[in-house]
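Visitor: Residue numbers (this note's numbering), protein chains in the order written: chain A, 73 to 338; chain B, -10 to 187. We treat Cβ as the ideally placed atom computed from N, Cα and C, and that holds for glycine.
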Amino acid sequence: MMLLASFNVHAELAPIPVLQHRVTDLTQTLSAQQQSALEQKIAAFEQEKGSQIAVLIIPTTQPEAIEQYSIRVAEAWKIGREKEDDGVLLLVAKDDHKMRIEVGYGLEGAIPDLIAKRVITEIMAPSFKQGDFYGGISKAVDALIGLIAGEQLPAPVNQNGQNSFGDLLPLLLVGGLILGSILRAVFGDFFGGILNGGVVAALAWFFGVALLIALILGIVAFILTLIGPSGLGQLGSGSYSGGGGHSDSWSGGGGDFGGGGASGDW
Amino acid sequence: MKHLVLRFLAVLFVLSLTGCGYNTFQSLDEESKASWSEVLNQYQRRADLVPNLVNVVKGYASHEKEVLTQVADARSKVGSIQVTPELLNDPEAFAKFQAAQGQLTSALSRLLAVSENYPNLKADQGFRDLQAQLEGTENRITVARNRYIETIKNYNVAVRSFPNNLTAMALGYKAKPSFTVENEKAISVAPTVNFESK
């Protein structure tokens, strides 16, 4: 009985949408172009600064107050980087005529409550009153970006350009072992090993690994090739298969929220 | 033979320390302390806002003496309570602390309700900023309290359920007080600080 009752209470709460994109609009308020324009703006900023911003438009947060719903979304989505906690959630409850800016722990200095409040009352509310949701949200995102830009935060980890050593290592290991076995078959144990070591070292150096470490990697590759990769090869490819693979969907980086930010209405 | 049995029992005892919930108590105890600090932190933040808020309101509504004194009294009462970690293990002191904070909450909401009647006060940028800060702080308090309730729930479940309760009894770990429901209702209703004209 108790269980049933508590389940019912739970079921009545507004559901938290699955996080897939930076901009989630459940009310069909924004056109596809507007969504992608916002998305691109936020994505570009995330590339540059590392902070994550998410926009969510829903019909209503009832029966909860917007603050309660908002913190649940923030806790579920975990926007912002772990440790930096530099995420911002911009939530609009369209039918309730309410909005909220939920600020992660790490940005409470860059976006204090009263500034968040001003973004809401001075930027969002006037546009929303005229029915211009895209304009209000877009300008608010600009303002938030401007505020976060002034904050000292660690540089983002770039996923495209320079690979970090940790990302590169599995690639080198598997690649080196495969290449090693081919070269060994063609050139024999010793020369195959030397060639493979050279290639691995050169590649590592090319990708920005320090020269000394690149040389050590090359020597390791040489020795491994010489020993024979049959057993090791299986081990290597087995444990590293299926890595990487970035899809279109977007997710939070593990940022924490403590209820900072401001709410308002229009 | 007897030695062997003793040795076996000693090993069993050491092993059982990990299985009897001792380590669970340690981590849950720390967790509850951390979430309690966050609650205190946010209450402190609110208390720090009060003098400024009172000053601004005084500037426009000095004759609202009753409400202003209520807030000042509640504020000084909150400040007078010695907040020590032991507070957590003392239900009586905990209740007193809660009562004082609850009093400040209701005094503040009355103050904000009164200030509704003063258009000039409502238009004051300093007041609006303080109001936004108070609103944010009240929300942070709610979040911190909810997280505290959650950690205390985990801790108390661990302390009370078998066989951990035997360890808890032996080592003196007691269930910790949480925010009670009536209390919760009175306090979690943040003062309506919505001054935006519709």
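Could you tell me which of A:Asp97, A:Gly122, A:Gly260 sits nearest to A:Gln224, measuring between CA atoms?
Guide: Translated into positions along the first sequence, residue 224 of chain A becomes position 152. With distances taken between Cα atoms, A:Gln224 lies closest to A:Gly122.
Visitor: Check the Cβ-Cβ distances between A:Asp168 and every residue of chain B, and say whether any is below 8 Å.
Guide: Mapped onto the first sequence, residue 168 of chain A falls at position 96. Closer than 8 Å: no.
Visitor: Looking at chain D, is there any beta carbon in it that lies within less than 8 Å of the beta carbon of A:Ile143?
Guide: Judged by its chain identifiers, the structure shown contains no chain D, and its protein chains are A and B.
Visitor: For the alpha helix (DSSP H) that B:Ile70 lies in, which residues bound it at each end?
Guide: Translated into positions along the second sequence, residue 70 of chain B becomes position 81. From DSSP, B:Ile70 is part of no alpha helix (DSSP H); its letter is neither H nor E.
Visitor: Just list the residues that DSSP pairs A:Lys170 with in beta bridges.
Guide: For this step, residue 170 of chain A is matched to residue 98 along the first sequence. DSSP, once it has assigned bridges, lists A:Ala165, A:Asp337 as partnering A:Lys170.
Visitor: Below 9 Å on C-beta distance, what does B:Val67 contact in chain A?
Guide: Indexing the second sequence from 1 puts residue 67 of chain B at position 78. Within 9 Å Cβ-Cβ: nothing; B:Val67 doesn't reach chain A, min ~20 Å.
Visitor: When Cβ atoms are compared, which residues of the segment 56 to 86 of chain B fall closer than 8 Å to chain A?
Guide: Taking 8 Å as the Cβ-Cβ cut-off against chain A, none of the residues of the segment 56 to 86 of chain B qualify.
Visitor: In its own chain, which residues sit with a C-beta less than 6 Å from the C-beta of A:Glu180, not counting the 5 before and 5 after it?
Guide: Here residue 180 of chain A corresponds to residue number 108 of the first sequence, with the count starting at 1. The answer, listed in chain order, is Gly332.
Visitor: Going by the CB atoms, is the gap between B:Leu77 and B:Trp25 shorter than 8 Å?
Guide: Position 36 of the second sequence holds residue 25 of chain B. Position 88 of the second sequence holds residue 77 of chain B. Closer than 8 Å, so yes.
Visitor: Could you tell me if B:Gln31 is buried or exposed, where buried requires 16 or more neighbouring beta carbons within 10 angstroms of its beta carbon?
Guide: Reading the second sequence from its first residue, position 42 is the one you call residue 31 of chain B. By the neighbour-count rule (16 or more Cβ atoms within 10 Å), B:Gln31 is buried.
Visitor: Please report the distance separating the alpha-carbon of A:Ser253 from that of A:Leu275.
Guide: By 1-based counting over the first sequence, the position of residue 253 of chain A is 181. By 1-based counting over the first sequence, the position of residue 275 of chain A is 203. In a straight line, the C-alpha of A:Ser253 is about 17 Å away from that of A:Leu275.
Visitor: Who are the Cβ neighbours of B:Ser167 in its own chain at under 6 Å, not counting the five residues just before and after it?
Guide: Taking the first residue of the second sequence as position 1, residue 167 of chain B is located at position 178. Contacts found: Ile138, Ile141.
Visitor: Can you tell me where the alpha helix (DSSP H) holding A:Val127 begins and where it ends?
Guide: As a working note, residue 127 of chain A is residue 55 in the first sequence. Not the alpha helix (DSSP H): A:Val127 falls in the beta strand (DSSP E), residues 124 to 130.
Visitor: Going by beta carbon distance, what residues of the same chain come within less than 7 Å of A:Phe294, once the five residues before and after it are set aside?
Guide: Working through the first sequence from its first residue, we reach residue 294 of chain A at position 222. Around A:Phe294: Gly265, Ile266, Asn268, Gly269.
Visitor: For chain B, check one thing: does any of its Cβ atoms lie closer than 8 Å to the Cβ of A:Gly332?
Guide: On the first sequence, residue 332 of chain A is found 260 positions in, with the first residue counted as 1. For A:Gly332, the answer is yes, since a Cβ of chain B falls inside 8 Å of its Cβ.
Visitor: Taking the straight line between their C-alpha atoms, what separation do you get for B:Gln90 and B:Asp62?
Guide: As a first step, residue 90 of chain B must be located in the second sequence, where it is residue number 101. As a first step, residue 62 of chain B must be located in the second sequence, where it is residue number 73. Looking at the two C-alpha atoms, the distance is approximately 12 Å.
Visitor: Do A:Gly327 and A:Asp185 have their C-beta atoms within less than 8 Å of each other?
Guide: Numbered from 1 along the first sequence, position 255 holds the residue referred to as residue 327 of chain A. Numbered from 1 along the first sequence, position 113 holds the residue referred to as residue 185 of chain A. No, the Cβ-Cβ distance between A:Gly327 and A:Asp185 is not below 8 Å.
Visitor: Please tell me whether A:Lys189 has its Cβ less than 8 Å away from any Cβ of chain B.
Guide: Stepping through the first sequence from its first residue, residue 189 of chain A is reached at position 117. Cβ-Cβ to chain B under 8 Å: yes for A:Lys189.
Visitor: In chain order, what residues of the same chain lie with their CB nearer than 8 Å to the CB of A:Leu307, ignoring the 5 residues before and after it?
Guide: The residue labelled residue 307 of chain A in the question sits at position 235 within the first sequence. The pLDDT assigned to A:Leu307 is 45, lower than 50, so where the model puts this residue is not dependable, and the model offers no usable value.
Visitor: Using the beta-carbon count (16 or more within 10 Å), is B:Glu105 buried or exposed?
Guide: Indexing the second sequence from 1 puts residue 105 of chain B at position 116. B:Glu105 is exposed by the Cβ-count criterion.
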